[in-house]
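A short write-up of the structure that comes next.
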Amino acid sequence: MLPHGVINAVAHAVRCPFKQCQYPNCRLVYALLLHGSRCQVRVPGGCLLCKKMWLLLYHHALSCKEDECYVPRCRDIREKMRKRLQAERDDEIHNKAAVRAAPGA
């Protein structure tokens, strides 16, 4: 799990207008997000910076409660997590029903 301060830096860096910002990790996170928007290699190609960027975005999305979040891909990531959780719940319900319906159960 990432430190809470780094996760907060994601939301801050996205909107920060200052080139010399003193907020901890602001410029680092901003540079990582900028890299991710321009990288030609990307995660499937093995780019470690892109992997770090997606890790930050994922952890931000895990803790984000904003309906209209301005962090890139936050809503998409939350929706994907919600669908995955729902699919897991549906599978669990289906498996329990199958066990109950099995002969001798």
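Residues in the sequence shown are numbered from 0 upward in steps of one, following numbering that gives the first Met the number 0. Where a beta carbon is used, it is the ideal one built from N, C-alpha and C, also for glycine. Please read these numbers as outputs of a predicted model, since none were measured by experiment.
Query raised in the report: Among residues of its own chain, excluding the 5 on either side of Cys-49, which ones have a beta-carbon nearer than 6 Å to its beta-carbon?
Result: Counting from one through the sequence shown, the residue named residue 49 turns up at place 50. If we look at Cys-49 and ignore the five residues flanking it on each side, its Cβ neighbours are Gly-35, Cys-38, Arg-41, Val-42.
Query raised in the report: Which one of Leu-54, Cys-15, Arg-26 has the shortest CA to CA distance from Pro-2?
Result: Mapped onto the sequence shown, residue 2 falls at position 3. Of the candidates Leu-54, Cys-15, Arg-26, the one whose C-alpha sits nearest the C-alpha of Pro-2 is Leu-54.
Query raised in the report: Any idea what DSSP makes of Asp-105, helix, strand or coil?
Result: No answer is possible for residue 105: the residues shown for the chain start at 0 and end at 104.
Query raised in the report: Exposed or buried, which one is Val-98 when buried takes at least 16 other CB atoms within 10 Å?
Result: The residue you call residue 98 lines up with position 99 of the sequence shown. Answer is exposed; the Cβ neighbour count stays below 16.
Requested in this report: Leaving out five residues on either side along the sequence, give the residues of the same chain with a beta carbon under 8 Å from the beta carbon of Val-70.
Outcome: Numbered from 1 along the sequence shown, position 71 holds the residue referred to as residue 70. So the qualifying residues of the chain are Val-9, Ala-10, Val-13, Leu-56, His-59, Ala-60, Cys-63.
Query raised in the report: Do the CB positions of Lys-51 and Leu-31 come within less than 8 Å of each other?
Result: Walking along the sequence shown from the start, residue 51 turns up at place 52. Walking along the sequence shown from the start, residue 31 turns up at place 32. Contact: yes.
Query - Where Ile-92 falls, given that 16 or more other Cβ within 10 Å makes a residue buried - result: In the sequence shown, the residue the question calls residue 92 occupies position 93. Exposed is the call here.
Query raised in the report: Sorted by chain position, which residues of the same chain lie with C-beta nearer than 7 Å to Ile-76's C-beta, five sequence neighbours on each side aside?
Result: Position 77 of the sequence shown, counting from 1, holds the residue named residue 76. The residues are Leu-56, Tyr-57, Ala-60.
Query - Ranges of the alpha helix (DSSP H) found wholly within the stretch 26–103, counting only runs of at least 4 - result: With a minimum length of 4 residues, the unbroken runs of alpha helix (DSSP H) contained wholly in the stretch 26–103 fall at 47–62, 73–100.
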